[in-house]
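Input: a single structure, listed below in structure tokens.
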Amino acid sequence: MLSEAAVLAAHILIVDDQPANVLLLEQLLRQVGYTNLSSTRDPYAVCELHRNQHFDLILLDLQMPGMDGFQVLADLQQTEDQGYVPVLAITVQPGHKLRALASGAKDFIAKPFDMVELKARIHNMLEVRLLYTQLAQSNLALKALALHDPLTQLPNRRLLLDRLRQAQLSSSRTHRHCALMFLDIDHFKQLNDTLGHDAGDALLLQVSQRLLGSARSGDTVARLGGDEFVVLMNALSTRVALASKQAQAMARKMHKTLRQTYRLNGQAYHTSLSIGVVIFMGDTESINNLLKKADQAMYQAKADDSQGVCFDVPTPATTSV
Ligand SMILES: Nc1nc2c(ncn2[C@@H]2O[C@H](COP(=O)(O)OP(=O)(O)OP(=O)(O)O)[C@@H](O)[C@H]2O)c(=O)[nH]1
């Protein structure tokens, strides 16, 4: 819902070459209660101002010397990346009303002003604009929620699948290998059972931060759910032996970092993670298969507790360069 206070706090730009007209509009808007007003008498400055300040409403006089309001409208349409130009056109010429709408203005008002009509049109336009902005923000938040884990804010399974597909496509072009690492916290259930769910959540957060700290920019760190994490490393060597070495070095570094002492409820806590790694190149293998192989390697690492890291060694068919 939109409050009246939000409407009155909207940022409005007045564009008119006549100082008397700017003053009249400013006085009228302030009387009504609008507080956030800007103005310019220079039509050439409007696009730059809007790019920097994202006005909720632009009151645009159509008749100005040099650059008229229609040219300003055309430029604003190119500037506005969301495709909505919040312009209320002001005109003395009845013939300009429809032309203004066809040029992208959202509404018009004739001069000399009917004050009641002017106030109503400004209020209505601002309501639409602010609701549109609210909707765009909610959509962004929903999109982020749909693709990220709410606890750690890491990409979730859905986003990871998309990143894996992108990695396969890019690897097909460049012939560079990628590594998919599955990581699972050892005895996590026991931690939840002894120190509580909040301590479990705190550990998940600390693990996610350490993983992000160890990963290179361009890699993806994701949480699949529970105590399972994934790191997708892109752009390793084109040579499988070297790519394996790079992935091994990274996995061992992560394993070591993740074994360092955590602090939970103000106390030191020690744990380890088991890591399974699969190396791939191109998109010959299905994503499900890659995930299954990395998962199996992780279980292998868990069974062989002393090492903590296990590799699925690529077969010659999948490693040819
Ligand atoms: N604190 C917390 N616990 C969770 C969350 N999601 C899942 N869990 C718990 O994570 C635990 C995972 O248990 P298991 O898969 O058996 O893991 P484990 O005890 O580490 O077993 P191993 O991997 O064999 O060592 C379960 O107790 C889940 O209830 C979460 O978001 N927060």
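The sequence shown begins at 1 in the UniProt record's numbering and counts up one residue at a time.
Cβ atoms here follow ideal geometry from the backbone N, Cα and C, with glycine treated the same way.
1) Could you tell me the distance, in whole angstroms, from the CA atom of Gln137 to the CA atom of Ala144?
2) Measuring only from the beta carbon, is His270 closer than 7 Å to any heavy atom that is part of ligand 1?
3) Considering only the alpha carbon of each residue, which of His175, Leu88, Lys189 and Ser237 lies closest to Ala110?
4) Determine, using beta carbons only, whether Leu13 and Tyr34 come nearer to each other than 8 Å.
5) Could you tell me whether the Cβ atoms of Val221 and Ile185 are closer together than 8 Å?
6) Based on Cα-Cα distance, which residue from Asp68, Tyr132 and Arg99 lies nearest to Met1?
7) Let me check understanding here. Comparing Cα to Cα, which of Leu28, Ala249 and Asp227 lies closest to Arg216?
8) Is it a yes or a no for the region 159 to 174 touching the region 271 to 288, going by three-plus beta-carbon pairs under 8 Å?
9) Distance check for Leu183 and Val231, CA to CA, integer angstroms please.
10) Check whether the Cβ atoms of Arg129 and Asp61 sit closer than 8 Å, and answer yes or no.
11) Using a Cβ-Cβ cut-off of 6 Å (strictly less than) and excluding sequence neighbours within five positions of Cys310, which residues of its own chain qualify?
12) Over what stretch of residues does the alpha helix (DSSP H) that includes Ala100 continue unbroken?
13) Is the closest heavy atom of ligand 1 to the C-beta of Ile275 under 7 Å?
14) Can you determine whether any heavy atom of ligand 3 sits closer than 7 Å to the C-beta of Phe182, and answer yes or no?
15) Is any heavy atom of ligand 1 found at a distance shorter than 7 Å from the C-beta of Asp304?
16) In chain order, what are the residue ranges of uninterrupted alpha helix (DSSP H) at least 4 long that sit wholly in the UniProt domain "Response regulatory" (11 to 126)?
So, from the listed chains and residues:
1) 11 Å
2) no
3) Leu88
4) no
5) The Cβ atoms of Val221 and Ile185 lie no closer than 8 Å to each other.
6) Tyr132
7) If we check each option's Cα against that of Arg216, Ala249 comes out closest.
8) yes
9) 8 Å
10) At the C-beta level, Arg129 and Asp61 stay beyond 8 Å of one another.
11) Gly276, Ala297, Gln300 and Ala301
12) Per DSSP, Ala100 belongs to the alpha helix (DSSP H) from His96 to Ala102.
13) No - ligand 1 has no heavy atom lying nearer than 7 Å to the Cβ of Ile275.
14) Absent from the structure shown: ligand 3. Ligands present: ligand 1.
15) No, ligand 1 has no heavy atom inside 7 Å of this Cβ.
16) 19 to 32, 46 to 53, 69 to 79 and 96 to 102
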